[in-house]
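For the sequence shown, the working numbering gives the first residue as 165, with consecutive numbering after it. These notes concern the structure reproduced below.
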Amino acid sequence: MPYYRNIGHVPPKRHTQHRDQAGHLYYEELMGEEGFFSDSSLLYHRSIPSAISESRKWPIEDLSLTPNHPLLPLHLQLHELFGAGAEKGVDAVTGRRLILGNPDVRITYAACDTISPWYRNAVGDECVYVERGNARLETVFGAFDVREGHYAMIPRATTHRWLPVAEGDEGYVEPLRLYFIEANSHIGPPKRYLSRFGQLLEHSPYCERDYTVPTAPLLAEDVGDDPDAPTEVYIKHRGNGPAGIGGTIHVIPFHPLDVVGWDGCLYPFLFHISDYEPLTGRVHQPPPTHQVWEGNNFVVCNFVPRKVDYHPLSIPVPYYHSNVDSDEVMFYTAGNYEARKGSGIDRGSISLHPGGHAHGPQPGAMEASLGAEYFDETAVMVDTFRPLDLGEGALACNDPRYQYSWTGGKPGGSTPGPEGPR
Numbered sequence: 165m166p167y168y169r170n171i172g173h174v175p176p177k178r179h180t181q182h183r184d185q186a187g188h189l190y191y192e193e194l195m196g197e198e199g200f201f202s203d204s205s206l207l208y209h210r211s212i213p214s215a216i217s218e219s220r221k222w223p224i225e226d227l228s229l230t231p232n233h234p235l236l237p238l239h240l241q242l243h244e245l246f247g248a249g250a251e252k253g254v255d256a257v258t259g260r261r262l263i264l265g266n267p268d269v270r271i272t273y274a275a276c277d278t279i280s281p282w283y284r285n286a287v288g289d290e291c292v293y294v295e296r297g298n299a300r301l302e303t304v305f306g307a308f309d310v311r312e313g314h315y316a317m318i319p320r321a322t323t324h325r326w327l328p329v330a331e332g333d334e335g336y337v338e339p340l341r342l343y344f345i346e347a348n349s350h351i352g353p354p355k356r357y358l359s360r361f362g363q364l365l366e367h368s369p370y371c372e373r374d375y376t377v378p379t380a381p382l383l384a385e386d387v388g389d390d391p392d393a394p395t396e397v398y399i400k401h402r403g404n405g406p407a408g409i410g411g412t413i414h415v416i417p418f419h420p421l422d423v424v425g426w427d428g429c430l431y432p433f434l435f436h437i438s439d440y441e442p443l444t445g446r447v448h449q450p451p452p453t454h455q456v457w458e459g460n461n462f463v464v465c466n467f468v469p470r471k472v473d474y475h476p477l478s479i480p481v482p483y484y485h486s487n488v489d490s491d492e493v494m495f496y497t498a499g500n501y502e503a504r505k506g507s508g509i510d511r512g513s514i515s516l517h518p519g520g521h522a523h524g525p526q527p528g529a530m531e532a533s534l535g536a537e538y539f540d541e542t543a544v545m546v547d548t549f550r551p552l553d554l555g556e557g558a559l560a561c562n563d564p565r566y567q568y569s570w571t572g573g574k575p576g577g578s579t580p581g582p583e584g585p586r
């Protein structure tokens, strides 16, 4: 995670008395990773953070998975799941639809118009990419204003909620479109970008200055809420349900925003994709060049507007490649996708190219790219090292024509060669 922060009111020595003006003790909570052997923060609450006044099961969203069998490359049209505008009553917690998943990571998606309930993911970290729209992200560490292109990095078990900011005219409201990468582990910068003490090194395509971090505590009265109001908190946790995940709702006898101060190296932060500095070369660079985050058994890369290969005989679009150890998921969010022209892929699309299938540019894309100096495209890629199965959302928005897009767009189509179809 980023670096040490000290926000709000904390005592000069950890694990010592810290009192309010009336003499009441604040309640210190250690939020730490890997059994006290990794990053942590100390939070100082006005109320006992363990307090629960009621609990019940949360019938979590459909987490069932269907194998990708027979093995196929897929085109998933995420905007079909929620339509062009905002569907009423969809929030960023209960409104998620499962697209793809395996034992290491789940990819979910939502187009929201409603404030979410308070929520914590106790299964793993969440990396949330804001495809469209604007929102306020409120957490026990502080608040953020998020916009299109932001990654929101939310550590495991951080209590937070999403508040969409409505925008639009003439009856149309642009929904807040969120792409969730939900890990069963922690997510952070690739280790090769970090010093042994955790600083981002000179060869990293971004640095700590590019993070947006909390700057002040956020209390219930700061958002116009009652500090003593009982509050529901939705918890996604390890359990015996589908994918080994359970859902519980705790009612706590106070408002979650009761942290007067905290310090440490574990907290949520934002990173905007436009602050990623792409690396280019004389010939086409492989996907690890574009890596931005990593989790257990998966990596996240982003493709941003950039100058392309400058060897006089270079072919700017990717070469055909077989992911023998991974499934590749590409989420297309903005721009023009030179390698995918003619496939039906557009903004809001996902392509899934599974291990065992050689994939690459669509017919004609290689010749069409010759002489290009710049690609205007934005996409988020997840590569997993265990096969991905299909969630109900993928089954609902699959384009069955995509598998034939290299052979004329229909079953039995001819394969284009150097001089056209053969």
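Virtual Cβ for every residue (Gly too), placed ideally from N, Cα, C.
For this session: Give a yes or no on contact between the region 408 to 421 and the region 185 to 204, applying the rule of three or more CB pairs nearer than 8 Å.
Result: no
Exercise. Per DSSP, LYS574 is paired with what?
Worked result: LYS574 pairs with nothing; no bridge assigned.
For this session: Specify the secondary structure class of ILE437 as computed by DSSP and reduced to three states.
Result: Three-state DSSP puts ILE437 in a helix.
Problem set entry | One or two residues paired with ALA307 in a DSSP bridge | GLU302
Problem set entry | Sheet register partners of LYS471 (DSSP bridge) | TYR538
Exercise. Start and end of the beta strand (DSSP E) containing HIS209?
Worked result: Annotation: the continuous beta strand (DSSP E) that includes HIS209 extends over 204 to 209.
For this session: To the nearest angstrom, report how far apart PRO369 and SER219 are at their CA atoms.
Result: When rounded, the distance between both Cα atoms is 45 Å.
Problem set entry | PRO452 burial status per 10 Å Cβ neighbour count (16 or more: buried) | exposed
Exercise. In the DSSP assignment, what are the bridge partners of LYS505?
Worked result: Beta-bridge pairing links LYS505 to no other residue.
For this session: Return helix, strand or coil for THR412, following the three-state DSSP convention.
Result: strand
For this session: Return the residue from the list SER490, THR542, SER507, PRO527 that minimises the CA-CA distance to TYR496.
Result: THR542
Exercise. Would DSSP call GLU556 helix, strand or coil?
Worked result: helix
Problem set entry | Three-way DSSP call (helix, strand, coil) for PRO451 in this model | helix
Exercise. Taking just the CA atoms, how far does GLY508 sit from ALA286?
Worked result: One C-alpha to the other measures close to 37 Å.
Problem set entry | ASN266 burial status per 10 Å Cβ neighbour count (16 or more: buried) | buried
Problem set entry | Candidates MET530, HIS517, ASP489, ASP491: closest to GLY506 by CA position | MET530
Problem set entry | Delimiting residues of the alpha helix (DSSP H) encompassing GLU244 | First-last of the alpha helix (DSSP H) with GLU244: 243 to 246.
Exercise. Which residues share a DSSP beta bridge with LEU421?
Worked result: The partner list for LEU421 (beta bridge, DSSP) is empty, contrary to what the question assumes.
Exercise. Per DSSP, LYS252 forms a beta bridge with which residues?
Worked result: Looking at the DSSP assignment, LYS252 forms no beta bridge with any residue, so it has no partner.
Exercise. Any chance the region 365 to 379 sits against the region 393 to 404, with 3 or more Cβ pairs inside 8 Å?
Worked result: no
Exercise. What are the residues that DSSP puts in a beta bridge with ALA522?
Worked result: Answer by DSSP bridge pairing, in chain order: SER486.
Problem set entry | DSSP three-state assignment for GLU312, whether helix, strand or coil | coil
Exercise. Under the DSSP definition of a beta bridge, which residues are partnered with PRO328?
Worked result: ALA299
Problem set entry | Nearest neighbour of PRO432, chosen from VAL257, GLU192, GLY499, PHE308 [CA to CA] | PHE308
Exercise. Which residues in the same chain as MET494 place their Cβ atom closer than 6 Å to its Cβ, once the five residues preceding and following it in sequence are excluded?
Worked result: SER515, ALA543, MET545
For this session: Use the C-beta contact count for PHE539: other C-beta atoms within 10 angstroms, 16 or more gives buried, fewer gives exposed.
Result: buried
For this session: Determine the DSSP secondary structure at SER280, reduced to helix, strand or coil.
Result: coil
For this session: Work out the CA separation of THR444 and GLN185 for me, nearest whole Å.
Result: For GLN185 and THR444, the distance between alpha carbons rounds to 57 Å.
For this session: Figure out for me which residue from GLY499, PRO525, TYR283 has the closest Cα to the Cα of HIS324.
Result: TYR283
Problem set entry | The beta strand (DSSP E) enclosing SER214, as first and last residue numbers | SER214 -> no beta strand (DSSP E), and no H or E assigned at all.
Exercise. When you compare only the Cα positions, how much space is there between ASP268 and ASN232?
Worked result: 17 Å
Exercise. From LEU382 to MET195, what does the alpha carbon distance come to, in whole angstroms?
Worked result: 17 Å
Problem set entry | The alpha helix (DSSP H) enclosing GLU385, as first and last residue numbers | Counting along the chain, GLU385 falls outside any alpha helix (DSSP H), and DSSP gives it neither H nor E.
Exercise. Who are the Cβ neighbours of LYS252 in its own chain at under 7 Å, not counting the five residues just before and after it?
Worked result: ASP277
Problem set entry | Where GLY398 sits in the DSSP three-state scheme | First, the amino acid is wrong: residue 398 is Tyr here, not Gly. Residue state, collapsed to three classes: strand.
Exercise. Among all the DSSP beta bridges, which residues are the ones paired with THR376?
Worked result: Paired residue(s): LEU434.
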